[in-house]
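Novice: Input: one structure, supplied below.
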Amino acid sequence: MNGIIDEGSYTRREKATAWGVHLLTASGAIWGVLTLVAVMEGRWTMVFLLMMLTIFIDSIDGTLARRAQVKSVLPNFDGALLDNMVDYFTFVLVPAFILYNTYLLPAGWELLGVSTIVLSSAYQFSQGDAKTDDHYFKGFPSYWNLAVFYLFFLGWPVWVNFGFITFLGIMVFVPIKYIYPSRTKYFQKLTLVLT
Numbered sequence: 002m003n004g005i006i007d008e009g010s011y012t013r014r015e016k017a018t019a020w021g022v023h024l025l026t027a028s029g030a031i032w033g034v035l036t037l038v039a040v041m042e043g044r045w046t047m048v049f050l051l052m053m054l055t056i057f058i059d060s061i062d063g064t065l066a067r068r069a070q071v072k073s074v075l076p077n078f079d080g081a082l083l084d085n086m087v088d089y090f091t092f093v094l095v096p097a098f099i100l101y102n103t104y105l106l107p108a109g110w111e112l113l114g115v116s117t118i119v120l121s122s123a124y125q126f127s128q129g130d131a132k133t134d135d136h137y138f139k140g141f142p143s144y145w146n147l148a149v150f151y152l153f154f155l156g157w158p159v160w161v162n163f164g165f166i167t168f169l170g171i172m173v174f175v176p177i178k179y180i181y182p183s184r185t186k187y188f189q190k191l192t193l194v195l196t
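Residue numbering for the sequence shown follows our numbering, starting at 2 and increasing by one per position.
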């Protein structure tokens, strides 16, 4: 036993379950693409319903992965990398696209606002310690989908929106802890309900 995992020791059902969890995670990308289509068609109720679906999938896939022991069952497939790619798309690029294609930012400043989102999030997603050992996020966790949801419905002036985006972009680099809704143990049930 030199650290090599015998994949043959798992049943077909265990393997199918593990692949099913990965498929659930990957499906977030499909919902993200459909969200972009809904933005282009101006179907805003559908936009936010699809964004809620991607949040729901992201909130349960990690728990399901741990329960199905996907790291052990499928050791040669990096589910964490898959999750990060899908999350960057659905939590960063899709909301940036929404901001760029609405009137939520000042005219002529859309690209700067969107650049703040995608560049600060690229930094955040690349940090090895972006998630702490006690299950918090270090720095603003790039929940741009939630930020855009609030900006859309609160109807703030465009310069306030721009300031809000800029503030959150800066907070990515400030190493304070943010609750990780599905993993932070302290008030976990309350944070899941509120999320």
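Think of the CB as a built atom: it goes at the ideal place given N, C-alpha and C, for glycine as much as any other residue.
Residues in its own chain within less than 6 Å of TYR11 by CB, not counting five upstream and five downstream?
Specialist: For TYR11, where only same-chain residues beyond five positions count, the Cβ hits under 6 Å are VAL74.
Novice: Considering only the alpha carbon of each residue, which of MET53, PHE154 and GLN125 lies closest to LEU35?
Specialist: When each option's Cα is compared against that of LEU35, the closest is MET53.
Novice: My output table needs one value for PHE138: the three-state DSSP class, helix, strand or coil.
Specialist: Three-state DSSP puts PHE138 in a strand.
Novice: So does the region 121 to 128 actually touch the region 167 to 175, counting three or more Cβ pairs closer than 8 Å?
Specialist: These segments touch.
Novice: May I ask which residues mark the beginning and end of the alpha helix (DSSP H) holding LEU65?
Specialist: Start and end: 45 to 69.
Novice: Determine the DSSP secondary structure at ASN3, reduced to helix, strand or coil.
Specialist: Reliability fails at ASN3, whose pLDDT of 46 lies under 50, so the model's placement of it is uncertain and the value that follows must be treated cautiously. Residue state, collapsed to three classes: coil.
Novice: Name the residue from VAL87, ILE61, ALA30 and THR103 whose alpha carbon lies nearest to the alpha carbon of VAL149.
Specialist: Taking only the C-alpha atoms, the option nearest VAL149 is THR103.
Novice: Is GLY164 buried or exposed, if buried means 16 or more other CB atoms sit within 10 Å of its CB?
Specialist: Exposed.
Novice: May I ask you to verify whether the region 91 to 102 touches the region 37 to 45, counting CB pairs closer than 8 Å and requiring at least 3?
Specialist: Counting Cβ pairs under 8 Å, three or more are found: they touch.
Novice: Would DSSP call SER143 helix, strand or coil?
Specialist: If DSSP states are grouped into helix, strand and coil, SER143 belongs with coil.
Novice: Just the C-alpha distance for VAL71 and TRP145, rounded to the nearest angstrom, thanks.
Specialist: Between VAL71 and TRP145, the C-alpha separation is close to 28 Å.
Novice: As an exercise, report each continuous alpha helix (DSSP H) stretch of at least 4 residues that is fully enclosed by the region 103 to 133, in chain order.
Specialist: Complete alpha helix (DSSP H) runs here, min 4: 111 to 127.
Novice: Between the Cα of ASP79 and those of LEU152, ALA19 and ARG13, spot the shortest distance and give me the residue it belongs to.
Specialist: Looking at the Cα atoms, ALA19 is the closest of the given residues.
Novice: My understanding is that LEU25 touches ILE58, with C-beta atoms under 8 Å, so please give their C-beta distance in whole angstroms.
Specialist: Confirmed, Cβ separation roughly 6 Å.
Novice: From this set, GLU42, VAL175, LEU106 and ASN85, which residue's C-alpha is nearest PHE153's C-alpha?
Specialist: Among GLU42, VAL175, LEU106 and ASN85, the Cα nearest to that of PHE153 belongs to LEU106.
Novice: Taking PRO174 as the reference, which of LEU147, PHE141 and VAL161 has the closest Cα?
Specialist: The question names Pro, yet the displayed sequence has Phe at residue 174. Ranking the options by Cα distance to PHE174, first place goes to PHE141.
Novice: State the Cα-Cα distance for the pair ASN3 and ALA81, rounded to the nearest angstrom.
Specialist: Low confidence applies here, because ASN3 scores a pLDDT of 46, under 50, leaving its location unreliable and the question unanswered by this model.
Novice: So, at 6 Å on beta carbons, what are the nonlocal neighbours of GLY129 in its own chain, with the 5 sequence-adjacent residues on each side left out?
Specialist: Within the same chain, GLY129 has no close Cβ partners at all.
Novice: Starting from ASN162, trace the alpha helix (DSSP H) in both directions and tell me its first and last residue.
Specialist: Start and end: 159 to 172.
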